[in-house]
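In my numbering, the protein residues as written are 244 to 754.
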Amino acid sequence: MNQKFTMSATYELSIRNDGHLIDIAPSPTTGTNNALNQSGGEIRTEWLRELTSASRSAAVLNDLVGRTPVLWYLGERAATILRPRSRRADLKALHAVAIGPYHRGDRGLAFDDEAKLPFLRYLQDRCGLDVEQYVAALGAARGRFREEFADDADAVAADWLRDEEKFVKMLLLDSSFLLVFSLMFGKTGGSEERAAASVVTRERFILYTAVAQYADEVKLDLLVLENQIPFAVVKLLAASCRSLKLRSVEELVVGCFDGIWPTRARGKVELLLRQTTDARFYHILHLFHWSRVPENKYRLLSVPLKFPEAKESESEWIMPCARELHRAAVWFRKPCLDGAERHGGDLNMEFRSAAASPMAVMTIPSFHILAYTAALLHSMVAFEKHFHWAHGACVTVHVRRMEGLIRCPQDAALLRRRWILGSVKCTDEEVVDFFRDMVAEAAGVRMPEEYGGMISAVARHRRRRARRWCGDLILHFLPSPWVSVSLAAVVALIIVPAMLQTIYTVLGYKK
Numbered sequence: 244m245n246q247k248f249t250m251s252a253t254y255e256l257s258i259r260n261d262g263h264l265i266d267i268a269p270s271p272t273t274g275t276n277n278a279l280n281q282s283g284g285e286i287r288t289e290w291l292r293e294l295t296s297a298s299r300s301a302a303v304l305n306d307l308v309g310r311t312p313v314l315w316y317l318g319e320r321a322a323t324i325l326r327p328r329s330r331r332a333d334l335k336a337l338h339a340v341a342i343g344p345y346h347r348g349d350r351g352l353a354f355d356d357e358a359k360l361p362f363l364r365y366l367q368d369r370c371g372l373d374v375e376q377y378v379a380a381l382g383a384a385r386g387r388f389r390e391e392f393a394d395d396a397d398a399v400a401a402d403w404l405r406d407e408e409k410f411v412k413m414l415l416l417d418s419s420f421l422l423v424f425s426l427m428f429g430k431t432g433g434s435e436e437r438a439a440a441s442v443v444t445r446e447r448f449i450l451y452t453a454v455a456q457y458a459d460e461v462k463l464d465l466l467v468l469e470n471q472i473p474f475a476v477v478k479l480l481a482a483s484c485r486s487l488k489l490r491s492v493e494e495l496v497v498g499c500f501d502g503i504w505p506t507r508a509r510g511k512v513e514l515l516l517r518q519t520t521d522a523r524f525y526h527i528l529h530l531f532h533w534s535r536v537p538e539n540k541y542r543l544l545s546v547p548l549k550f551p552e553a554k555e556s557e558s559e560w561i562m563p564c565a566r567e568l569h570r571a572a573v574w575f576r577k578p579c580l581d582g583a584e585r586h587g588g589d590l591n592m593e594f595r596s597a598a599a600s601p602m603a604v605m606t607i608p609s610f611h612i613l614a615y616t617a618a619l620l621h622s623m624v625a626f627e628k629h630f631h632w633a634h635g636a637c638v639t640v641h642v643r644r645m646e647g648l649i650r651c652p653q654d655a656a657l658l659r660r661r662w663i664l665g666s667v668k669c670t671d672e673e674v675v676d677f678f679r680d681m682v683a684e685a686a687g688v689r690m691p692e693e694y695g696g697m698i699s700a701v702a703r704h705r706r707r708r709a710r711r712w713c714g715d716l717i718l719h720f721l722p723s724p725w726v727s728v729s730l731a732a733v734v735a736l737i738i739v740p741a742m743l744q745t746i747y748t749v750l751g752y753k754k
């Protein structure tokens with residue numbers, strides 16, 4: 244029996260711009276259908292409106308985002324400037340300048356709000372800043388800028404965040420200090436920028452001399468996670484200075500930190516100048532972090548870390564220490580200064596093992612433990628801990644790898660002899676404690692694919708018996724490069740001449 248369906252329904256489409264959702268409004272006849280079922284009755288369609296509701300679909304999608312960690316950046320907008328919890332309070336101490344609300348009540352800083360006033364005046368006189376226009380722009384966007392700061396229990400910080408007048412004043416003074424400091428100590432690329440920077444006036448000379456004596460402390464203070472303001476505020480200030488012509492505000496600011504380890508990864512500034520990156524930087528620490536990590540590596544997208552099979556030993560998925568790798572015929576070396584290996588910067592470790600060779604090579608950039616290293620890495624790890632779903636975990640991965648390699652003072656001594664640990668004034672025991680403390684700070688960050696991939700490659704290399712034999716041979720008979728040099732000298736000076744003498748003697752008998 245043929246069935247005939249006659250559907251009469253009029254649909255009104257309502258398109259919402261936020262999210263491009265399409266909702267279906269029911270026609271007056273919704274709920275009934277003229278089509279007949281097999282029993283001859285009407286098919287009711289009240290459920291159709293519920294199934295095709297845009298609001299219900301959006302609610303389900305939001306729930307999926309909330310239950311899917313890798314979609315963190317699609318969820319509710321989180322604050323990008325916050326006071327992280329630290330196991331060591333001394334790492335958060337500032338030395339010269341407070342930026343943002345969280346350290347506004349600190350005493351003994353070289354540049355308080357009163358000391359920032361000449362920087363604002365300098366921008367007015369030398370860079371053509373229209374203060375009233377800039378403050379009006381700050382006031383119009385203050386709600387968006389306020390969302391970048393997390394609420395804080397400190398009474399002073401809460402007052403600066405709650406009072407709109409104080410909040411705009413804070414952004415005005417802090418952005419003026421940051422821009423003038425960057426103009427004085429950053430690297431300007433264009434000819435107009437260099438010409439403007441070369442003009443020395445009495446006001447500029449006084450400001451430069453006053454800041455120069457605290458320049459190193461200021462640079463480190465600007466890399467503390469809670470000592471930030473939105474980078475968009477600094478860019479808005481630069482755009483409000485009519486006489487200031489900059490190729491890139493990002494290039495100018497990141498140039499202030501060229502003398503700080505870790506050094507820049509190659510090609511990052513070129514990306515800024517070519518504008519081939521769509522990165523939106525939250526603040527200066529975010530820009531510094533981006534400039535130090537290799538491009539398109541150590542990201543956490545939608546691919547989870549592959550864990551080992553149940554039959555494999557769990558200990559194989561922990562980075563072996565340096566002495567264990569040395570016994571497995573793994574050779575440690577630094578990357579070539581002018582080679583492609585340096586494109587990863589100071590935070591990129593590589594492991595290479597060929598099937599035809601019993602030896603493997605682990606390339607590790609020199610790790611410098613300086614007076615500021617612990618505080619700086621703490622800030623970078625704290626940034627990754629809160630934003631690793633969107634910005635990767637390069638620093639955390641490197642710290643975890645180094646902590647695995649250096650489990651005891653003997654491991655530190657081995658890497659020190661290989662020049663992997665450079666500019667280290669602390670003892671081997673202190674090096675071990677340094678990495679243990681850093682890994683404790685990084686607890687809770689999920690590792691990207693590169694971390695598991697290297698551990699898997701190391702485990703495959705160690706399982707080969709021939710490589711263990713080769714490692715034992717090197718360990719017992721060639722414990723240091725000088726032994727190898729001595730052996731080569733013996734071969735060159737004694738064995739080779741003796742063989743040549745034997746050959747000439749045999750040839751003489753034949754004649």
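A virtual CB, placed ideally from N, CA and C, is assigned to each residue, including glycine.
Quick one: grab the DSSP three-state call for R287.
As a working note, residue 287 is residue 44 in the sequence shown. Here R287 sits in coil by DSSP.
I'd like to know whether the C-beta atoms of F531 and E493 end up nearer to each other than 8 Å.
Against the sequence shown, residue 531 aligns to sequence position 288. Against the sequence shown, residue 493 aligns to sequence position 250. In this structure, E493 does not lie closer than 8 Å to F531 by Cβ.
Would you say the region 639 to 652 touches the region 664 to 680, given that touching needs at least three Cβ pairs under 8 Å?
yes
Helix, strand or coil: how does DSSP classify V340 here?
Stepping through the sequence shown from its first residue, residue 340 is reached at position 97. Strand, per DSSP.
Selected residue, minimal CA-CA separation from P327, among V467, R447, G386:
Numbered from its first residue, the sequence shown carries residue 327 at position 84. Taking only the C-alpha atoms, the option nearest P327 is V467.
Taking the DSSP output, what are the residues bridged to A603?
Residue mapping note: residue 603 aligns to position 360 of the sequence shown, counting from 1. Paired residue(s): V573, S596.
In terms of alpha-carbon separation, which member of L294, A400, V454 lies closest to F420?
Numbered from its first residue, the sequence shown carries residue 420 at position 177. With distances taken between Cα atoms, F420 lies closest to V454.
Alpha helix (DSSP H) segment containing W533, residue limits
For the purposes of this step, residue 533 is taken as the residue at position 290 of the sequence shown. Here the alpha helix (DSSP H) through W533 covers 527 to 535.
So the alpha helix (DSSP H) W403 belongs to, where does it begin and stop?
Taking the first residue of the sequence shown as position 1, residue 403 is located at position 160. Start and end: 398 to 405.
Terminal residues of the alpha helix (DSSP H) in which L495 lies:
Reading the sequence shown from its first residue, position 252 is the one you call residue 495. L495 -> alpha helix (DSSP H) spans 492 to 497.
Judging by CA-CA distance, which residue of R364, K462, R387, L543 is the nearest neighbour of T323?
By one-based count along the sequence shown, residue 323 stands at place 80. Considering only alpha carbons, the answer is R387.
Give me the DSSP bridge partner(s) of A372.
Here residue 372 corresponds to residue number 129 of the sequence shown, with the count starting at 1. It is worth fixing the name first, because residue 372 is Leu in this sequence and not Ala. According to DSSP, L372 bridges with C484.
Between the region 366 to 375 and the region 482 to 496, are three or more C-beta pairs nearer than 8 Å?
yes
Run through DSSP, which three-state label would F677 get?
Walking along the sequence shown from the start, residue 677 turns up at place 434. Reduced to three states, the DSSP call for F677 is helix.
Proximity to A618 [Cα-Cα], best of A702, L528, R660, I449:
Stepping through the sequence shown from its first residue, residue 618 is reached at position 375. Minimum Cα distance to A618 is reached at L528.
When the cut-off is 8 Å and only beta carbons count, does L619 lie next to chain B?
The displayed structure is made up of one protein chain only, and chain B is not part of it.
What residue does the alpha helix (DSSP H) around S699 start on, and which one ends it?
The residue given as residue 699 occupies position 456 in the sequence shown. It spans 692 to 706 - the alpha helix (DSSP H) in which S699 sits, taken as one unbroken run.
Report back the beta-carbon spacing between E460 and H338 to the nearest angstrom; my notes put them in contact at under 8 Å.
If you number the sequence shown from 1, residue 460 lands on position 217. If you number the sequence shown from 1, residue 338 lands on position 95. Their Cβ separation, rounded to whole angstroms, is 4 Å, which keeps E460 and H338 in contact under 8 Å.
Considering Cα atoms alone, identify which of K628, A735, M605 is closest to V701.
Position 458 of the sequence shown, counting from 1, holds the residue named residue 701. Cα-wise, what sits closest to V701 is M605.
Which word fits L360, buried or exposed, when buried means at least 16 other C-beta atoms lie within 10 angstroms of its C-beta?
Taking the sequence shown and counting its residues from 1, one reaches residue 360 at position 117. Classification of L360: exposed, given that the 10 Å Cβ count is below 16.
Residue range of the alpha helix (DSSP H) that H631 falls in?
As a position in the sequence shown, residue 631 is number 388, starting the count at 1. DSSP places H631 inside the alpha helix (DSSP H), whose first and last residues are 616 to 634.
From the DSSP output, read off the bridge partner residues of F474.
Against the sequence shown, residue 474 aligns to sequence position 231. Paired residue(s): none; F474 is not in a bridge.
Taking Cβ to Cβ, would you say L657 is nearer than 8 Å to R535?
Mapped onto the sequence shown, residue 657 falls at position 414. Mapped onto the sequence shown, residue 535 falls at position 292. For L657 and R535, no; Cβs fall outside 8 Å.
Outcome for A732 when other beta-carbon atoms lying within 10 angstroms are tallied against a minimum of 16:
To locate residue 732, count along the sequence shown from 1; it is residue 489. When all chains shown are included, A732 counts as exposed.
E446 - containing alpha helix (DSSP H), residue span:
On the sequence shown, position 203 is the one that residue 446 refers to. Start and end: 445 to 455.
Determine the contact status of G588 and G498, defining contact as a CB-CB distance below 8 Å.
By 1-based counting over the sequence shown, the position of residue 588 is 345. By 1-based counting over the sequence shown, the position of residue 498 is 255. Not a contact, by the Cβ cut-off of 8 Å.
Could you give the residue range of the alpha helix (DSSP H) that holds E646?
Locating residue 646 in the sequence shown gives position 403, where the first residue counts as 1. It spans 637 to 648 - the alpha helix (DSSP H) in which E646 sits, taken as one unbroken run.
Report buried or exposed for S600, applying the criterion of at least 16 other Cβ atoms within 10 angstroms of its Cβ.
Residue 600 sits at position 357 when you count from the first residue of the sequence shown. Per the 10 Å Cβ criterion, exposed.
Check F500 in the structure and name its three-state DSSP category.
One-based indexing of the sequence shown puts residue 500 at position 257. DSSP places F500 in helix when its eight states are reduced to three.
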